[in-house]
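The next block holds one structure in the form of structure tokens; read it before the comments.
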Amino acid sequence: MWQGLEEFLYVVEHGSFTHAAKAMEVSTSHISRQIQQLENRLGSVLFQRTTRKISLTDAGREYAVKLKAIRQELIDANNQLQGEQRQPKGLIRITGAGEFVANQVAPKVAEFVKRYPEVEVDLDFNSRNVNLVEEGFDLAIRFGRMQDSNLIARPLCKRAMTLVASPEYLANHTPLKTPYDLAEHNCLITMRKRWRFNIDEEIKEVRIDGNWRSNHPQAILNAAVAGVGIAHLALDIVEPYLKSGQLVSILDEFQVGDNASWLVYPRKDLLPFRVRLLIEHLTNAFAD
Numbered sequence: 001m002w003q004g005l006e007e008f009l010y011v012v013e014h015g016s017f018t019h020a021a022k023a024m025e026v027s028t029s030h031i032s033r034q035i036q037q038l039e040n041r042l043g044s045v046l047f048q049r050t051t052r053k054i055s056l057t058d059a060g061r062e063y064a065v066k067l068k069a070i071r072q073e074l075i076d077a078n079n080q081l082q083g084e085q086r087q088p089k090g091l092i093r094i095t096g097a098g099e100f101v102a103n104q105v106a107p108k109v110a111e112f113v114k115r116y117p118e119v120e121v122d123l124d125f126n127s128r129n130v131n132l133v134e135e136g137f138d139l140a141i142r143f144g145r146m147q148d149s150n151l152i153a154r155p156l157c158k159r160a161m162t163l164v165a166s167p168e169y170l171a172n173h174t175p176l177k178t179p180y181d182l183a184e185h186n187c188l189i190t191m192r193k194r195w196r197f198n199i200d201e202e203i204k205e206v207r208i209d210g211n212w213r214s215n216h217p218q219a220i221l222n223a224a225v226a227g228v229g230i231a232h233l234a235l236d237i238v239e240p241y242l243k244s245g246q247l248v249s250i251l252d253e254f255q256v257g258d259n260a261s262w263l264v265y266p267r268k269d270l271l272p273f274r275v276r277l278l279i280e281h282l283t284n285a286f287a288d
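Structure below.
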């Protein structure tokens with residue numbers, strides 16, 4: 001009955017037969033054989049396979065969620081009997097991107113690992129909006145406004161936004177009086193060509209354009225310091241450059257106040273104890 005279930009969950013969590021085999025220290029053919037036998041017993045295809053990648057089918061995704069819940073119940077029962085709740089162990093996979101994750105979140109995660117040395121952490125820097133369940137991540141650190149989903153989003157901290165440019169750029173271009181004036185300027189683009197502002201007591205999106213695009217905030221910041229154009233970034237990232245005079249903030253009165261960094265994760269009842277403990281550690285650390 002249990003044959004192939006562990007292999008199935010390893011493939012779900014590691015994203016491929018090869019990575020699952022490496023994690024389990026077995027051959028890829030063993031993983032493939034176990035998954036094939038499991039699918040035959042269930043009479044259902046769990047993975048869509050191509051030459052380049054695999055992905056969960058709808059049936060496979062539903063099966064993975066249920067199996068993880070069962071596995072977590074078993075882990076919690078064992079922990080309770082063995083008294084290991086006080087000493088969590090195992091791997092936590094986290095995905096995030098940007099200087100906030102590197103400079104603010106990572107040190108707090110390091111504190112957690114120092115406190116619980118039997119916990120392993122894999123912190124993957126990726127600006128892509130990864131599928132946590134399919135790609136085997138326990139937590140994501142995301143920035144902005146959270147969209148409705150089947151994931152839980154828990155705020156870490158509010159993060160004010162600001163428009164910045166170098167004194168050189170501002171001296172050589174038309175002054176800005178409202179966000180609509182951005183249409184006449186070179187804007188440094190991150191993910192979207194629309195920036196949100198509070199205009200006439202309404203939140204409105206203003207279309208922008210420019211000749212510099214990057215999904216990394218530091219690259220945007222460096223371009224702004226070099227005088228390439230105007231950047232729209234979190235205040236905590238640009239604050240040292242404002243204090244040094246390398247950048248100047250503009251149109252602050254039009255900024256909206258609903259941006260935050262979030263902890264995002266699947267349903268709480270599916271989380272291993274070590275992940276729940278890390279979530280509480282991070283939320284308490286940022287609350288302080």
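Following the UniProt record's numbering from start to finish, the sequence shown increments by one per residue and tops out at 288. Glycine is no exception: its CB is placed at the ideal position from the N, C-alpha and C atoms. Keep in mind it's a predicted model, so treat the numbers as computed, not measured.
Hey, quick one: how far does the beta strand (DSSP E) through residue i stretch, first residue to last?
i: R142; result: 139-144
i: T95; result: 90-96
i: E120; result: 119-125
Can you name the start and end residues of the alpha helix (DSSP H) that residue i belongs to?
i: residue 355; result: Nothing in the structure corresponds to residue 355, since the chain is present only between 1 and 288.
i: T18; result: 17-24
i: E280; result: 273-287
i: F254; result: Looking at the DSSP string, F254 is not in any alpha helix (DSSP H), and its letter there is neither H nor E.
Using the DSSP secondary-structure output, state which residues sit across from residue i in a beta bridge.
i: Y265; result: I152
i: G136; result: Looking at the DSSP assignment, G136 forms no beta bridge with any residue, so it has no partner.
i: V248; result: A165
i: L188; result: W212
i: K108; result: Bridge partners of K108: none, in fact.
i: K158; result: A260
Verify whether the separation of the beta carbon atoms of residue i and residue j is less than 9 Å.
i: A165; j: I35; result: no
i: L163; j: D252; result: yes
i: G98; j: D124; result: no
i: F17; j: I54; result: yes
i: W262; j: H232; result: no
i: residue 293; j: D122; result: Outside the shown range of the chain, which is 1 to 288, sits residue 293, and nothing can be said about it.
i: E7; j: L38; result: yes
i: K204; j: N211; result: no
i: R276; j: Y116; result: no
i: A153; j: A234; result: no
i: V238; j: Y169; result: no
i: A64; j: V133; result: yes
i: H185; j: I230; result: yes
i: V105; j: I70; result: no
i: S244; j: M191; result: no
i: A183; j: D200; result: no
i: L91; j: Y265; result: no
i: V225; j: Q255; result: no
i: R93; j: E13; result: yes
What is the C-beta distance between residue i and residue j, in whole angstroms, given that I count them as a contact (C-beta under 8 Å)?
i: V11; j: I31; result: 6 Å
i: F286; j: L156; result: 5 Å
i: L9; j: L74; result: Actually they do not touch by this definition, with Cβ atoms about 12 Å apart.
i: A260; j: K158; result: 5 Å
i: F100; j: F143; result: 7 Å
i: G15; j: G136; result: 6 Å
i: A20; j: S27; result: Incorrect: roughly 11 Å between the Cβ atoms, too far for contact.
Does the beta carbon of residue i come closer than 9 Å to any beta carbon on chain C?
i: A69; result: Judged by its chain identifiers, the structure shown contains no chain C, having just a single protein chain.
So within the region 194-246, which uninterrupted alpha helix (DSSP H) runs reach at least 4 residues, ignoring any that extend past its ends? Those alpha helix (DSSP H) runs which fall completely within the region 194-246 and span 4+ residues are 217-225, 235-244.
Can you list, in chain order, the stretches of the alpha helix (DSSP H) that have 4 or more residues and sit fully within the region 28-83? Qualifying alpha helix (DSSP H) stretches, in chain order: 28-42, 58-82.
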